[in-house]
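If you count by the working numbering, then the sequence shown holds residues 88 to 182, one letter each, in order. Note that the Cβ used here is the ideal one computed from N, Cα and C, for glycine as well. No experiment lies behind these values; they were computed from the predicted model shown. A short worksheet on the structure shown next.
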Amino acid sequence: MVLIREGVRRMKLNESAMAKGFGVLGAAYFLVCYIVALFTPGLYKVVATTWFHMLDLSSAWKDAPSGFLLGLVSFTLASWVSGWLLAKAYNYFVK
Numbered sequence: 088m089v090l091i092r093e094g095v096r097r098m099k100l101n102e103s104a105m106a107k108g109f110g111v112l113g114a115a116y117f118l119v120c121y122i123v124a125l126f127t128p129g130l131y132k133v134v135a136t137t138w139f140h141m142l143d144l145s146s147a148w149k150d151a152p153s154g155f156l157l158g159l160v161s162f163t164l165a166s167w168v169s170g171w172l173l174a175k176a177y178n179y180f181v182k
């Protein structure tokens, strides 16, 4: 914590803890998405197309998901970095 003036404190975030939390959350999101795409591809396609407005994904659509391990690792890493950067930026601006 940073003491601003007597009796007033601002909380600082632990960058490592925030990064780990984002990494775990990102891995969980990826696993859920992969399972949905594997077992209910129609539902997955409907949801995915609603997230990309005005973009026709029909020509690029696959019948089954692939690249599980690479996707899991890269998405978890991107989530970890996002959490670390968020905590770092927050701590910078809370000063």
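Buried or exposed (CB count within 10 angstroms, at least 16 for buried), residue i
| i | result |
| --- | --- |
| Phe180 | exposed |
| Gly170 | buried |
Identity of the residue in the options nearest residue i by Cα
| i | options | result |
| --- | --- | --- |
| Ala106 | Leu118, Ser161, Leu172, Gly158 | Leu172 |
| Ser146 | Gly154, Arg97, Thr136 | Thr136 |
| Gly158 | Thr127, Met141, Phe117, Lys175 | Phe117 |
| Gly154 | Cys120, Gly108, Asp143 | Cys120 |
| Trp148 | Ser161, Pro128, His140, Met141 | Pro128 |
Supposed contact pair residue j and residue i - C-beta distance, whole angstroms, cut 8 Å
| i | j | result |
| --- | --- | --- |
| Pro152 | Leu125 | 6 Å |
| Ala174 | Asn101 | 7 Å |
Exercise. Counting pairs of beta carbons, one from the segment 155 to 174 and one from the segment 112 to 123, are three or more of them closer than 8 Å?
Worked result: Segments in contact, yes.
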